[in-house]
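Student: Per my numbering, residue 1151 is the first one in the sequence shown, and the count goes up by one each step. The beta carbon of each residue, even a glycine, is placed where N, CA and C say it ideally should be. Bear in mind that the values here come from a model prediction, so they are computed numbers and not experimental data. What follows is a structure written as structure tokens; I'll ask about it next.
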Amino acid sequence: MSQLLKDVVGELSKLPGIGRRTALRLAIHILKMEPESVGDMTRSIDRFRNEVKYCTICNNLSDEDVCPICADRERDHSTICVVEQVADVLSIENTHQYCGLYHVLGGVISPMQGISPSDLKIDLLLDRIAGGGVREVILAISTSVEGETTLFYLMNRLRQFEGVKVTSIARGIGFGDELEYVDELTITHALRNRREIE
């Protein structure tokens, strides 16, 4: 096998969900593409990696310092939906059922992987709420053991804010399910049937 092909397959197979067989198919497909298309693709990836920013308000990916969702005056700025990853924002947005703001933690608390609360954007969330105007915080965290740990940690930290209702999405989402892989109908149902956390 060509060393160049091996190198490309090796790099592509580093992507999540891409095994060596799929990586080989992708590499062969890239070889058949027009050179301009391959150039456009590599430039887009390079620009994305080097120029994308994290929103200074919610930690979502953005082209500017403030993401379009946080900048949108039509959205409900009194509600914040807390999620683990950027992919979760996309999953919820695809349902077209939620019109509030988001806060992306950047993961979940996982002592086994060395991820503590200080590694997540929890303080940024608390500062947002302390700034006033927030009436509800929806915790849309996965139902894994780490997700539940994060949920309980957040609940305890959020108790300090009187008058802020803390809800959790309904657990129609199975235990251990990652939000980004759950279908839109289930997410919609979970959002609509959220409950206040005692």
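Do you know offhand how far MET1262's Cα is from GLU1296's?
Tutor: Rounded to the nearest angstrom, the two C-alpha atoms are 9 angstroms apart.
Student: What's the call for THR1192, buried or exposed, on a 16-neighbour Cβ count within 10 Å?
Tutor: That one is exposed.
Student: Pull up the distance between the alpha-carbon of LEU1341 and that of SER1163, whole angstroms please.
Tutor: The alpha-carbon atoms of LEU1341 and SER1163 are separated by roughly 35 angstroms.
Student: Starting from ASP1226, follow its DSSP beta bridges and name the residues at the other end.
Tutor: Answer is GLY1250, bridged to ASP1226.
Student: Sort VAL1332, ARG1309, GLY1256 and MET1305 by Cα distance to LEU1211 and report the nearest one.
Tutor: Checking every option, the nearest Cα to that of LEU1211 belongs to GLY1256.
Student: Find out if the Cβ-Cβ distance for the pair LYS1271, ASN1209 is shorter than 8 angstroms.
Tutor: The answer is yes: Cβ separation under 8 angstroms.
Student: When we look at the beta-carbon of ASP1278 and count the other beta-carbons within 10 Å, is it buried (16 or more) or exposed?
Tutor: Asp is not the amino acid found at residue 1278; the sequence shown has Arg there. Counting Cβ neighbours within 10 Å, ARG1278 comes out buried, since at least 16 surround it.
Student: Enumerate, from N- to C-terminal direction, the unbroken alpha helix (DSSP H) stretches of 4 or more residues contained entirely within the region 1176 to 1211.
Tutor: 1185 to 1201, all fully within the region 1176 to 1211.
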